[in-house]
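Input: a single structure, listed below in structure tokens.
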DNA sequence: GTCTATATGCAGATAGAC
DNA sequence: GTCTATCTGCATATAGAC
């Protein structure tokens, strides 16, 4: 019996199944490796299944991008909200972000590649852009929350500080992904946290 | 006459010609677009030419990676050496880096993609790693130079500051490449320069 | 919805004349 | 070194039975 008939499943479920498989394939071999055959195989489905879940490979890629970038948001900066000391909070959050990357470098290499490809592709550029804005906004929200809970206002605009924190985390993780140097990453986190906290909390010391 | 005979050229020259063409093709369509045919076409050579310049596509990719990453080093942090004030120097250097990216976003998107792919590919990972180290070392050298010319020593290790500066620049450029927000980038540069300069030059103000 | 079989095209690499 | 022609395999996508 060459053909095993499979159970009928709602399309949404099959799509998720294929997206999961696509991530698995890409984790190993990068975006290039994600052919429709490889993805369908990994999902345990015949290659033909691909095309009644997605109109084309491009459509799947777009769906994947949206799903993964959204998921990778997480609550990265949550740690800040739970400390009284800004420096401690920033350092803890940066360490948490680094730990997530260290625990699954392939996945984070993949999201970086996804963002690059999206930024270069006209039909996808808005996804990368929207994702970045959402990430900054979420960080901003946590900073305001911290500000309220502590009472003392920041001496810099929270939105601006959020932007810088996001840039700092992306710079540190990308350095780590290239060099895999734990000590360098932790030293950088310590210095950055301290520098930014001093700046953000300073009551014009020299005025 | 369907076949125009071409002049004989040293292999090194042909290789450079193909690498240039590969960059041109990738700038437009990303790494995926760089098929041996597309690259040879862009170079004005027949597809067969590819294989007496490079043993395989992988070999070309490796050569390309090495050449482009090395070229993209530039003297990015040179600006620091030429100012007495560290904050001014850091800000100028970061703005110069951002300007280079703004003047050719496609190229810098490409180098980012190259680094990602290299970091994931076992045979290429060392190139990305070595490149990153070289970049930090070069920045460190400029910081030491500044330190000597100014007389006052930094209050943080110059190598560490160099690491952080490299991370900061990569975070800011990658944010800009996603969101294309000039104002945000310049604000971030100002805040980071100020925060890091205060930290790096502080004579233990609170001691 | 599910599956097999297949159409069509392009990929990387090579052979062999010049 | 240079070129054309071609081998071989895999890519995406579709057709059509169940």
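Chains as they are written, first to last, in our numbering: chain A, 1 to 207; chain F, 208 to 414.
Note that the Cβ used here is the ideal one computed from N, Cα and C, for glycine as well.
Suppose you measure from the CA of residue i to the CA of residue j; what does that come to, to the nearest Å?
i: residue 266 (chain F); j: residue 314 (chain F); result: 21 Å
i: residue 126 (chain A); j: residue 119 (chain A); result: 8 Å
i: residue 202 (chain A); j: residue 156 (chain A); result: 9 Å
i: residue 212 (chain F); j: residue 229 (chain F); result: 23 Å
i: residue 20 (chain A); j: residue 62 (chain A); result: 14 Å
i: residue 98 (chain A); j: residue 52 (chain A); result: 39 Å
i: residue 112 (chain A); j: residue 294 (chain F); result: 30 Å
i: residue 388 (chain F); j: residue 402 (chain F); result: 21 Å
i: residue 35 (chain A); j: residue 151 (chain A); result: 54 Å
i: residue 70 (chain A); j: residue 16 (chain A); result: 14 Å
i: residue 392 (chain F); j: residue 307 (chain F); result: 13 Å
i: residue 173 (chain A); j: residue 214 (chain F); result: 49 Å
i: residue 250 (chain F); j: residue 311 (chain F); result: 21 Å
i: residue 163 (chain A); j: residue 253 (chain F); result: 48 Å
i: residue 298 (chain F); j: residue 200 (chain A); result: 18 Å
i: residue 279 (chain F); j: residue 149 (chain A); result: 45 Å
i: residue 193 (chain A); j: residue 166 (chain A); result: 12 Å
i: residue 231 (chain F); j: residue 84 (chain A); result: 52 Å
i: residue 432 (chain F); j: residue 128 (chain A); result: One cannot answer for residue 432 (chain F) here, as it falls past the ends of chain F, which runs 208 to 414.
i: residue 132 (chain A); j: residue 382 (chain F); result: 7 Å
i: residue 377 (chain F); j: residue 330 (chain F); result: 24 Å
i: residue 237 (chain F); j: residue 26 (chain A); result: 17 Å
i: residue 199 (chain F); j: residue 323 (chain F); result: What the structure shows of chain F is the stretch from 208 to 414, and residue 199 (chain F) is not part of that stretch, so it cannot be assessed.
i: residue 246 (chain F); j: residue 271 (chain F); result: 12 Å
i: residue 283 (chain F); j: residue 328 (chain F); result: 27 Å
i: residue 198 (chain A); j: residue 55 (chain A); result: 53 Å
i: residue 266 (chain A); j: residue 216 (chain F); result: Examination of residue 266 (chain A) is not possible in this model, given that chain A is present from 1 through 207 alone.
i: residue 102 (chain A); j: residue 189 (chain A); result: 15 Å
i: residue 1 (chain A); j: residue 66 (chain A); result: Note on residue 1 (chain A): pLDDT 47, under 50, position unreliable in the model; the coordinate value appears next. Distance between the alpha carbons of residue 1 (chain A) and residue 66 (chain A) is about 39 Å.
i: residue 50 (chain A); j: residue 109 (chain A); result: 25 Å
Using a 10 Å radius around the Cβ and a threshold of 16 neighbouring Cβ atoms, would you call residue i buried or exposed?
i: residue 13 (chain A); result: exposed
i: residue 33 (chain A); result: exposed
i: residue 235 (chain F); result: exposed
i: residue 225 (chain F); result: buried
i: residue 89 (chain A); result: buried
i: residue 11 (chain A); result: exposed
i: residue 414 (chain F); result: Low per-residue confidence applies at residue 414 (chain F): pLDDT is 45, beneath 50, and the placement is therefore not dependable, though the value from the model is reported in the following sentence. It counts as exposed.
i: residue 255 (chain F); result: exposed
i: residue 347 (chain F); result: buried
i: residue 178 (chain A); result: buried
i: residue 301 (chain F); result: buried
i: residue 275 (chain F); result: buried
i: residue 134 (chain A); result: exposed
Below 7 Å, is the gap between the Cβ of residue i and the nearest heavy atom of the ligand NAP?
i: residue 389 (chain F); result: Looking at this structure, you won't find the ligand NAP or any other ligand, since it has none at all.
Meets three-Cβ-pair contact criterion under 8 Å: the segment 283-299 of chain F and the segment 348-361 of chain F: yes
Of the residues that make up the segment 347-364 of chain F, which ones have a beta carbon closer than 7 Å to any beta carbon in chain A? 363
Using a Cβ-Cβ cut-off of less than 9 Å, give me the residues of the segment 293-316 of chain F that come near chain A, in sequence order. Cβ contacts with chain A come from 312, 313, 316.
Using a beta-carbon distance cut-off of less than 8 Å, what residues from the segment 249-273 of chain F approach chain A? none
Going along the segment 163-186 of chain A in order, which residues come within less than 8 Å of chain F, judged by CB to CB distance? 163, 164, 166, 167, 168, 169, 170, 171, 172, 174, 175, 177, 178, 179, 180, 184
Output, in sequence order along the chain, the residues in the segment 13-41 of chain A whose CB is closer than 7 Å to any CB in chain F. 30, 32
To be precise: take each residue of the segment 120-138 of chain A, compare its Cβ to all Cβ atoms of chain F, and keep it if any distance is under 7 Å. Which residues remain? 120, 128, 129, 132, 133
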